[in-house]
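Quick note, in full-length UniProt numbering, the sequence shown goes up one by one and the last residue is 116.
Remarks on the structure that follows.
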Amino acid sequence: MPAGVDAPVFAEPWQAEAFAMTVALHDKGLFSWSEWADALSAEVKKPGAASDGHDYYEHWLAALEKLLSAKGVAGKSDVDTLAAAWERAAHATPHGKPILLENDPSRTEGRGGPTG
1 MPAGVDAPVF AEPWQAEAFA MTVALHDKGL FSWSEWADAL SAEVKKPGAA SDGHDYYEHW
61 LAALEKLLSA KGVAGKSDVD TLAAAWERAA HATPHGKPIL LENDPSRTEG RGGPTG
């Protein structure tokens, strides 16, 4: 990287998406910034957190998931089920094609999609 150019804020697209979801959910009034700061702080202070902060957005995501669960928006099992479906869809998607949840080979037609 050329001198004087800062590294990107987000190393991976999912980090930007997690950030954007957090801001959008706050804007909708789901939680206050102090609630968010407390949730994130609790995750970052857990034993095993990287001293160099390279796992910061993993803690960010864990804090968001716990806050959504605490607010009754999405329980851990809901998040885990959806994450597993996306993982299966990713493995079933040919290289170079967009990953779509519909590509999950375990998905039952009529369940959970816009047509279901």
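Beta carbons are placed, not taken as given, at the ideal position from N, Cα and C, and that holds for glycine.
Three-state secondary structure (DSSP) of residue i
i	result
GLU12	coil
ARG88	helix
SER32	coil
THR93	coil
LYS71	coil
Beta-carbon proximity of residue i to residue j, cut-off 8 Å
i	j	result
GLU35	LEU67	yes
ALA89	ASP104	yes
ALA18	TYR57	yes
Contact set for residue i: own chain, Cβ-Cβ below 7 Å, skip 5 residues either direction
i	result
ALA39	ALA63, LYS66 and LEU67
GLU43	HIS59, ALA62 and ALA63
ALA49	ASP55 and HIS59
Presumed contact (8 Å Cβ cut-off) between residue i and residue j, rounded CB distance
i	j	result
ALA84	ARG107	That belief does not hold up - the Cβ atoms of ALA84 and ARG107 are roughly 11 Å apart, past 8 Å.
Any non-hydrogen atom of the ligand NAP within 7 Å of residue i CB
i	result
THR81	Ligands displayed in this structure: none; no statement on the ligand NAP is therefore possible.
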